[in-house]
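Q:
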Amino acid sequence: MRLAREAAERPSGGLRAETVLTALGQAGLAVGSQIQVLAHTIGARYCVSSATASGLALAVCEFSDEAGAEHGLAYSHRVFDRLIPGRTLLRNRSTVMTLTAGEPNAALLSEARRAVSAFVAL
Amino acid sequence: MRSLHRYLTAPAMALLVFPLVTGGGSAFASSHREAPFITEMPKVDGTDFYFFRSYETGKSDMVTLIANYLPLQDPYGGPNYFTLDPEALYEIHIDNNGDGKEDLTFQFKFKTSLAGGNGVTLSIGGKTVAVPLFNVGPVSATDTSNLNVTESYTVKLVSGARRSGQSADVTNATTGATVFEKPADNIGTKSFPDYASYAAAHVFPITIPGCATPGRMFVGQRKESFAVNLGTIFDLIDAPAAVVVGGNTAEGRALAPSTIADKNITSLELELPIACIKGTSDVVAGWTTASLHQARVLNPRATFKLPALEAGAWTQVSRLGMPLVNEVVIGLPDKDRFNASEPKDDAQFADYVTNPTLPALIEVLFGAAGVTAPTKFPRTDLVAAFLTGVTGVNANGSTAEMVRLNTALPPTTKGMQSPLGAALCFVNGVLTLSNPGCDPAGFPNGRRPGDDVVDIELRVAMGYLLSATDAPSGQLGFTDAVLQDDSQFDAAFPYLLTPLPGAGT
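As structure tokens, this is what we get:
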């Protein structure tokens, strides 16, 4: 099905979701288990979703190239920002990370800052 | 890597993901055609069950129970239209002592007859020939002589176990009759120039055995009361995201039309004095079932009166309490078993509630944008919502899927009801009656026709009752974008609207 197709047609060579989540873990975030989610939702090629123990939602999406990632990031902002408050989106080459803090608090914001630092350093 | 298969077994995934991502028609329609076997028996397919403190002026000491059957009726569906099954037993159950077993059961049995025994006839070329149509002229509240087919029914109240308890007739409080007429379906405006008045003549005052105060009863066709649009929710390609997560505004909850707005339904409705149905607790629970005889032998020489011979023990084939449970909670392998089961035995289905699949599917669809399913298991919040009731509100001691109503909570009048019902009485799982929009008289404290149960259940499934830590997306405005509210219903019994006509306007 669509998830399997996206997994099979995953782009090669870019910043991979596993690499991102591993880096977040090394930055001290208690990243929970991961699930593949539909990348098509924001025009990506492959996405995974996870959450930290304190409730910071993470989505990491791989695109075909940097232009595609920029387009997907803009699309996600345009469609979902007003629907899902508390999101932070970042792009590193052809990969987009979305952080969502359901009810922002100091701990979540601290986690988000560490996640951002780890992501941009990759 | 956490695999999707941690959430979904392969068959369940095939069932659920396919309709979700392709737009699965009517699959997400409360309980319309929700299990494989019941699709073969639409006349006994229970679709929605409502149970609420009556909000008609002057009736606040009553409760109303509505059991809808026979889904997706196209109003033009003649010439036989939508009679109920004369070989079925339709039941509305009440548990008033919190053990998950029925204490009171209203049993409805129907009979379909031809006018005069053999139907209306015409003399054609010297021969007397029966006509093929449902009616042969206009029908009104005062003149039903043109009906070729009539339906009647009897109702018994069983106290105790439904198959072995003490049974007594429900009677017409005015005439003492035990047989009630069911109005014919709304064939069209030529056959029924004033269907509303015709149907209203079939609202009967009833004497309930053991109850000093009379109630009221109506059985007949109504306009479909449920509203939903599955395809728009889950069609990732064509549907704007706002359709799923844009429901934190009234406008966002009304973006799409109901796909079943052009259908009718058949309703069994009771208005009963609270004092006559409640036990020692104010919390009373209800559900509806339909049963058929265990054996059916087709008559090779079928007649109107005997198309088949049915015999044997009553066998339950449909069950409905809380909306959408068998639709989107119970897995495909167990849907038929759920329909045959009783609330007292619901422990067998507990995994579907404590470890639900629907939130995982929503995460699959919208996780790329930041939507995350709750991470806390077992989902005790869902157990409270679906199986036990909420402590201090409508819990009654049992763990069983039923519609629980705290009859001590006053009704909210039409026009003042919140479509999100009592769900908004909770903030992060804590009962907060001061929360804006809180309406304790609504779902899941009972269920009123105007309660938007799709939106409520989507939100609860995604963790509305949990903390943000356990449910990062729990406060998002999940919605099917189809409006359901009290403006779509009457302010008085039988509440559901006059059915759509098969022809004319």
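From first to last, the protein sequence lines are chains H and B. To convert, note that position 67 of the first sequence is 66 in numbering that gives the first Met the number 0; the numbers rise steadily by one, no gaps. To convert, note that position 311 of the second sequence is 310 in numbering that gives the first Met the number 0; the numbers rise steadily by one, no gaps. Glycine included, each C-beta is placed from N, C-alpha and C at the ideal position.
1. Can you find a CB in chain B that lies within less than 8 Å of the CB of Ala-114 (chain H)?
2. Can a CB atom of chain H be found closer than 8 Å to the CB of Leu-235 (chain B)?
3. Considering only C-alpha positions, which residue in the set H:Ala-120, H:Ala-100, H:Leu-121, H:Val-119 is nearest to Ala-111 (chain H)?
4. Any beta carbon from chain B within less than 8 Å of Phe-118 (chain H)'s own beta carbon?
5. What are the uninterrupted segments assigned as alpha helix (DSSP H) that are 4 or more residues long and contained completely in the stretch 262-327 of chain B, given in chain order?
6. Rounded C-beta distance between Asp-489 (chain B) and Gly-449 (chain B)? I'm assuming under 8 Å.
7. Kindly give me the distance between the Cβ atoms of Phe-492 (chain B) and Glu-223 (chain B), rounded to whole angstroms, as I take these residues to be in contact under 8 Å.
8. Does any CB atom of chain B fall closer than 8 Å to the CB of Val-30 (chain H)?
9. Would you decide whether Thr-141 (chain B) is buried or exposed? Buried here means 16 or more other CB atoms lie within 10 Å of its CB.
10. Here's the rule: buried if 16 or more other CB atoms are within 10 angstroms of the residue's CB, otherwise exposed. What is Val-119 (chain H)?
11. When the cut-off is 8 Å and only beta carbons count, does Thr-94 (chain H) lie next to chain B?
12. Look at the alpha carbon of Ala-198 (chain B) and the alpha carbon of Ala-384 (chain B), and state the distance between them as a whole number of angstroms.
13. Quick one: what does DSSP say Ala-120 (chain H) is sitting in, helix, strand or coil?
14. Output, in sequence order along the chain, the residues in the stretch 1-34 of chain H whose CB is closer than 8 Å to any CB in chain B.
15. Work out the CA separation of Ile-259 (chain B) and Phe-442 (chain B) for me, nearest whole Å.
16. Helix, strand or coil: which one does DSSP assign to Ile-83 (chain H)?
17. Judging by CA-CA distance, which residue of H:Gln-35, H:Glu-17, H:Ala-6 is the nearest neighbour of Gly-366 (chain B)?
18. How big is the Cα-Cα spacing for Val-296 (chain B) and Gly-42 (chain H)?
19. Report yes if the C-beta distance between Leu-423 (chain B) and Asp-438 (chain B) is below 8 Å; otherwise report no.
20. Kindly identify the DSSP beta-bridge partner or partners of Thr-149 (chain B).
21. Using a 10 Å radius around the Cβ and a threshold of 16 neighbouring Cβ atoms, would you call Arg-77 (chain H) buried or exposed?
22. Applying the 10 Å Cβ sphere with the 16-neighbour rule, what's the burial state of Pro-192 (chain B)?
23. Where do the N-terminal and C-terminal ends of the beta strand (DSSP E) with Asn-444 (chain B) fall, by residue?
24. Determine the chain H residues that contact Phe-365 (chain B) at a beta-carbon separation under 7 Å, and present them in chain order.
25. Within 8 Å of any Cβ in chain B, is that where the Cβ of Gly-67 (chain H) sits?
26. Measure the CB-CB distance between Phe-50 (chain B) and Gly-445 (chain B) and report whether it falls below 8 Å.
27. Out of curiosity, what's the CA-to-CA distance linking Asp-335 (chain B) and Val-316 (chain B)?
28. Can you name the residues of chain B whose CB is closer than 7 Å to the CB of Phe-62 (chain H)?
29. Measure the C-alpha to C-alpha separation of Ser-109 (chain H) and Tyr-351 (chain B) and round it to an integer number of angstroms.
30. Beta carbons nearer than 8 Å to chain H: which residues of the stretch 454-477 of chain B have them?
31. To the nearest angstrom, report how far apart Gly-414 (chain B) and Gln-487 (chain B) are at their CA atoms.
32. Can the beta-carbon of Leu-404 (chain B) be found less than 8 Å from the beta-carbon of Arg-161 (chain B)?
33. Determine, using beta carbons only, whether Trp-313 (chain B) and Ser-340 (chain B) come nearer to each other than 8 Å.
34. Which term fits Asp-344 (chain B), buried or exposed, when burial requires 16 or more other beta carbons within 10 angstroms of its beta carbon?
35. With Asn-338 (chain B) as the anchor, note down where its alpha helix (DSSP H) starts and where it stops.
36. In its own chain, which residues sit with a C-beta less than 7 Å from the C-beta of Leu-28 (chain H), not counting the 5 before and 5 after it?
A: On the basis of the supplied data:
1. Position 115 of the first sequence, counted from the first residue, corresponds to residue 114 (chain H). No, its Cβ sits nowhere closer than 8 Å to a Cβ of chain B.
2. Within the second sequence, numbered from 1, the residue matching residue 235 (chain B) stands at position 236. Any answer about Leu-235 (chain B) is weak, because its pLDDT of 45 lies below 50 and its placement is not dependable; what the coordinates show is given next. Leu-235 (chain B) counts as touching chain H.
3. Numbered from 1 along the first sequence, position 112 holds the residue referred to as residue 111 (chain H). Checking every option, the nearest Cα to that of Ala-111 (chain H) belongs to H:Ala-100.
4. Position 119 of the first sequence holds residue 118 (chain H). Not closer than 8 Å to any Cβ of chain B, the Cβ of Phe-118 (chain H) fails to qualify, so no.
5. 273-276
6. Numbered from its first residue, the second sequence carries residue 489 (chain B) at position 490. Numbered from its first residue, the second sequence carries residue 449 (chain B) at position 450. Between Gly-449 (chain B) and Asp-489 (chain B) the Cβ distance is about 11 Å, and since that is not below 8 Å, they are no contact.
7. Position 493 of the second sequence holds residue 492 (chain B). Position 224 of the second sequence holds residue 223 (chain B). Not quite, the Cβ-Cβ distance comes to about 18 Å (not below 8 Å), so this is no contact.
8. For the purposes of this step, residue 30 (chain H) is taken as residue 31 along the first sequence, with counting starting at 1. By this cut-off, Val-30 (chain H) is not an interface position.
9. Against the second sequence, residue 141 (chain B) aligns to sequence position 142. Result: exposed.
10. Here residue 119 (chain H) refers to the residue found at position 120 when the first sequence is read from its first residue. Result: exposed.
11. Taking the first sequence and counting its residues from 1, the one referred to as residue 94 (chain H) is at position 95. So no, Thr-94 (chain H) is outside the interface.
12. For the purposes of this step, residue 198 (chain B) is taken as residue 199 along the second sequence, with counting starting at 1. For the purposes of this step, residue 384 (chain B) is taken as residue 385 along the second sequence, with counting starting at 1. For Ala-198 (chain B) and Ala-384 (chain B), the distance between alpha carbons rounds to 36 Å.
13. Here residue 120 (chain H) is taken as the residue at index 121 of the first sequence, counted from 1. Ala-120 (chain H): coil per DSSP, three-state reduction.
14. Arg-1, Leu-2, Glu-17, Gly-31, Ser-32, Gln-33, Ile-34
15. Here the question's residue 442 (chain B) lines up with position 443 in the second sequence. Here the question's residue 259 (chain B) lines up with position 260 in the second sequence. The straight-line gap from Cα to Cα measures roughly 21 Å.
16. On the first sequence, position 84 is the one that residue 83 (chain H) refers to. Here Ile-83 (chain H) sits in coil by DSSP.
17. One-based indexing of the second sequence puts residue 366 (chain B) at position 367. It is H:Gln-35 whose Cα lies nearest to the Cα of Gly-366 (chain B).
18. One-based indexing of the second sequence puts residue 296 (chain B) at position 297. One-based indexing of the first sequence puts residue 42 (chain H) at position 43. So the two alpha carbons sit approximately 56 Å from each other.
19. Locating residue 423 (chain B) in the second sequence gives position 424, where the first residue counts as 1. Locating residue 438 (chain B) in the second sequence gives position 439, where the first residue counts as 1. A contact, by the Cβ cut-off of 8 Å.
20. By one-based count along the second sequence, residue 149 (chain B) stands at place 150. According to DSSP, Thr-149 (chain B) bridges with B:Ser-112.
21. Here residue 77 (chain H) refers to the residue found at position 78 of the first sequence. So Arg-77 (chain H) counts as exposed.
22. What you label residue 192 (chain B) is simply residue 193 of the second sequence in a count that begins at 1. Exposed, by the Cβ-count rule.
23. Here residue 444 (chain B) corresponds to residue number 445 of the second sequence, with the count starting at 1. Counting along the chain, Asn-444 (chain B) falls outside any beta strand (DSSP E), and DSSP gives it neither H nor E.
24. For this step, residue 365 (chain B) is matched to residue 366 along the second sequence. Thr-40, listed in chain order.
25. One-based indexing of the first sequence puts residue 67 (chain H) at position 68. It does not: the Cβ of Gly-67 (chain H) has no partner Cβ on chain B nearer than 8 Å.
26. Indexing the second sequence from 1 puts residue 50 (chain B) at position 51. Indexing the second sequence from 1 puts residue 445 (chain B) at position 446. Yes, the Cβ-Cβ distance between Phe-50 (chain B) and Gly-445 (chain B) is below 8 Å.
27. For the purposes of this step, residue 335 (chain B) is taken as the residue at position 336 of the second sequence. For the purposes of this step, residue 316 (chain B) is taken as the residue at position 317 of the second sequence. In a straight line, the C-alpha of Asp-335 (chain B) is about 8 Å away from that of Val-316 (chain B).
28. Here residue 62 (chain H) refers to the residue found at position 63 of the first sequence. Those within 7 Å of Phe-62 (chain H) in chain B number zero; the least Cβ separation is about 11 Å.
29. Looking up residue 109 (chain H) in the first sequence gives position 110. Looking up residue 351 (chain B) in the second sequence gives position 352. Going from the Cα of Ser-109 (chain H) to the Cα of Tyr-351 (chain B) covers about 36 Å.
30. Ser-466, Ala-467, Thr-468, Asp-469, Ala-470, Pro-471, Ser-472, Gly-473, Gln-474, Leu-475, Gly-476
31. Position 415 of the second sequence, counted from the first residue, corresponds to residue 414 (chain B). Position 488 of the second sequence, counted from the first residue, corresponds to residue 487 (chain B). Their Cα atoms are separated by approximately 10 Å.
32. Here residue 404 (chain B) refers to the residue found at position 405 of the second sequence. Here residue 161 (chain B) refers to the residue found at position 162 of the second sequence. Contact flag unset, no.
33. The sequence position of residue 313 (chain B) within the second sequence is 314, counting from 1. The sequence position of residue 340 (chain B) within the second sequence is 341, counting from 1. Against a cut-off of 8 Å, the Cβ pair of Ser-340 (chain B) and Trp-313 (chain B) comes out as no contact.
34. As a position in the second sequence, residue 344 (chain B) is number 345, starting the count at 1. Asp-344 (chain B) is exposed by the Cβ-count criterion.
35. Numbered from its first residue, the second sequence carries residue 338 (chain B) at position 339. Where Asn-338 (chain B) is concerned, the enclosing alpha helix (DSSP H) stretches over 334-338.
36. Within the first sequence, numbered from 1, the residue matching residue 28 (chain H) stands at position 29. Counting only Cβ-Cβ distances below 7 Å, and skipping sequence neighbours, we find Thr-51, Glu-110, Arg-113, Ala-114.
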